[in-house]
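Have a look at the structure below before the remarks.
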Amino acid sequence: MRRKGRRRKDSGVLDDLVRAPWYVSVALGGLSAIFFFLVAPQLHLPDSSTNPLMSSLDTALHASGLLRLAGWISMLICLLVAGMSWRQAQLRKELLDRQRSLDDLRAMSWKKFELLVGECFRRQGYRVSETGKGGADGGIDLLLHRDSERVLVQCKQWRTFSVGVPVVREMFGLMIHHDADRVKIVCCGNFTRDAVAFAKGKPIDLISGDLFLGLVKDSQGTY
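Mapping of the sequence shown onto numbering that gives the first Met the number 0: residues 0 to 222, in sequence order.
This is the structure in structure tokens:
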């Protein structure tokens, strides 16, 4: 049974940068500084050497200081995004470290549950990517990478329903379609007998609420 919920919109570049490690934005800021302060001043508009109008525009552009202004603005944006990214990482760590019971897991929103799952796997040594294509009603929520292994994750923050075989079958199909190595389905409750039977013998990990709480507690205090 699928629970109704709002599906997320496709994320933009800024959303992707906020979800990425903070040092990615710092690196982009450094690259933008190199471009606008060192490379761009050496570049010229097309035909500026032969066309008087283009030559005037080129001279005005370089004399106006717009390139330096663009460099400062781009660096400022990158640093602000890096700060947001660092803060999001801290919030994920705090979210995991304060979980104590299944009631805590069931009380949170599906979005926080997804963040918690991602942080838990991150502390297990996985590189975690939030796809922005899942949501409260299904889809791939997280991509995990460790060495050459590629894992698809779906998070089910259902308070009253057991996760049935349709969800497991759907994720198995997505695993094949995306040529992934494994699937993990994490929920707050349990899985139906049919779901467990379908997953048996397949590269599918069904992580119930009790099992996930154990993983969370094992991960607390580790970074």
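Here a beta-carbon is modelled for each residue, glycine too, at the ideal position from N, C-alpha and C.
Between which residues of its own chain and residue i is the CB-CB distance below 6 Å, once the five residues before and five after are set aside?
i, result
"D204", "K183"
"R158", "R105"
"F112", "C154, Q156"
"R145", "G124, Y125"
"F120", "V127, L143"
"E118", "R91, L95"
"M53", "L44, D46, S47"
"P202", "R181"
If I measure Cβ to Cβ from residue i and keep anything under 8 Å in the same chain, skipping five residues before and after, which residues do I get?
i, result
"G220", "D96"
"L212", "Q98, S100, L101, L104"
"Q87", "V17, R18"
"T130", "G138, I139, D140, L141, L142"
Would a C-beta distance cut-off of 8 Å place residue i and residue j closer than the cut-off?
i, j, result
"W80", "S24", "Note that residue 80 is Val in the sequence shown, not Trp. Yes. Within cutoff."
"C223", "L101", "Only positions 0 to 222 of the chain appear in the structure, and residue 223 is not among them; the question remains open."
"V185", "Q98", "no"
"L141", "V116", "yes"
"F36", "G64", "no"
"V38", "M83", "no"
"S31", "S73", "yes"
"P45", "L66", "no"
"N189", "S207", "yes"
"L78", "G28", "yes"
Among residues of its own chain, excluding the 5 on either side of residue i, which ones have a beta-carbon nearer than 7 Å to its beta-carbon?
i, result
"L114", "R91, L94"
"L151", "I139, L142, M170, L173, M174, H177, A179, V182"
"A19", "S84"
"H43", "D57"
"F197", "V164, V167, R168"
"L210", "none"
In terms of DSSP beta bridges, what is residue i paired with?
i, result
"L214", "DSSP lists no partner for L214."
"F190", "V162"
"D204", "K183"
> Is the segment 113-131 touching the segment 164-175, taking contact as three or more C-beta pairs under 8 Å?
Replying inline: no
> Going along the chain, which unbroken runs of the beta strand (DSSP E) with 3 or more residues stay wholly within the segment 102-188?
Replying inline: 126-129, 141-145, 148-155, 181-186
>> Quick check on the DSSP output: what are the complete alpha helix (DSSP H) runs of length 4 or more inside the segment 45-111, in order along the chain?
In response: DSSP runs (the alpha helix (DSSP H)) wholly in the segment 45-111: 51-63, 65-96, 101-106.
> Within the chosen definition, does the segment 53-60 reach the segment 12-27 through at least 3 CB pairs nearer than 8 Å?
Replying inline: no
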